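For the sequence shown, the UniProt record's numbering begins at 1 and goes up steadily by one. From the three backbone atoms N, C-alpha and C, an ideal C-beta is built for every residue, glycine too. Since we're looking at a predicted model, the values are computed, not measured. Encoded as structure tokens, the structure appears first; notes follow it.
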Amino acid sequence: MTLRAETPQDAAEISALTSAAFATEAHASGTEAQIVERLRKADALLLSIVCEEGGRLVGHIAASPVLVGGQPGWAGIGPLSVLPDLQRSGIGSALMTEALRQLRALGQGGVVLVGDPGYYTRFGFVADPALHVRGIPAEYVLSQPFASRRSGGIRFHPAFGLEG
Ligand SMILES: CC(C)(COP(=O)(O)OP(=O)(O)OC[C@H]1O[C@@H](n2cnc3c(N)ncnc32)[C@H](O)[C@@H]1OP(=O)(O)O)[C@@H](O)C(=O)NCCC(=O)NCCS
């Protein structure tokens, strides 16, 4: 298993793997692949890491800037995708651990994502009542400060289409 930054040649395969990963997820919006494409086009990817195995891409994670209480300096993580036949074999964990390491190294103040607490709390994410995303139930707004805690509304990049 190799983790590396995406290259321009990876774009189509990342879209296909993202669509495949979310195809059977009840909570999926169906727009996850487009979110990655829009972030790339807007030059808003703080990181885009692929997991390569046997010459194919089997997993991917993205991160982009968010505003917390109107202030920059934190990152939003997602989408995170693993090919369905390879899920639950440690790929998602490896991608998340590497993304957190890189975002810290980039000097980000903290990270936030919208996701299943049953999965993400193992990486140190908590549901902090001081942080909220419009339209998303509080238990799914998971965050992890690297420096000091912040409070307020979180605005993901417009590529996520969360602004309503
Ligand atoms: C969610 C996802 C990224 C996890 O990646 P993965 O490679 O399958 O996960 P891992 O193998 O690293 O899982 C590690 C642990 O988390 C558990 N786990 C995996 N997915 C889980 C989930 N959705 N809920 C709770 N636990 C989960 C695994 O059982 C494993 O537990 P263990 O270490 O006790 O055996 C992957 O399943 C996926 O792509 N799902 C579809 C897309 C999606 O939902 N993405 C996340 C959006 S919030």
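Residue i - DSSP class collapsed to helix/strand/coil
i           : result
residue 133 : coil
residue 90  : coil
residue 2   : strand
residue 101 : helix
residue 144 : strand
Cβ pair residue i, residue j closer than 8 Å
i           : j           : result
residue 98  : residue 57  : no
residue 82  : residue 16  : no
residue 113 : residue 76  : yes
residue 1   : residue 53  : yes
residue 88  : residue 50  : no
residue 39  : residue 159 : yes
residue 145 : residue 110 : yes
residue 115 : residue 86  : no
residue 74  : residue 102 : no
residue 32  : residue 79  : yes
residue 64  : residue 157 : yes
residue 118 : residue 92  : no
residue 100 : residue 123 : yes
residue 84  : residue 24  : yes
Beta-ladder partner(s) of residue i, from DSSP
i          : result
residue 67 : 155
residue 61 : 49, 80
Closer than 7 Å: residue i CB and nearest ligand 2 heavy atom
i          : result
residue 80 : Among the ligands present in this structure, namely ligand 1, ligand 2 is not found.
Is the region 34-47 touching the region 130-138, taking contact as three or more C-beta pairs under 8 Å? no
Is the region 54-70 touching the region 144-159, taking contact as three or more C-beta pairs under 8 Å? Taking one beta carbon from each stretch, the region 54-70 and the region 144-159 have 3 or more pairs nearer than 8 Å; the two touch.
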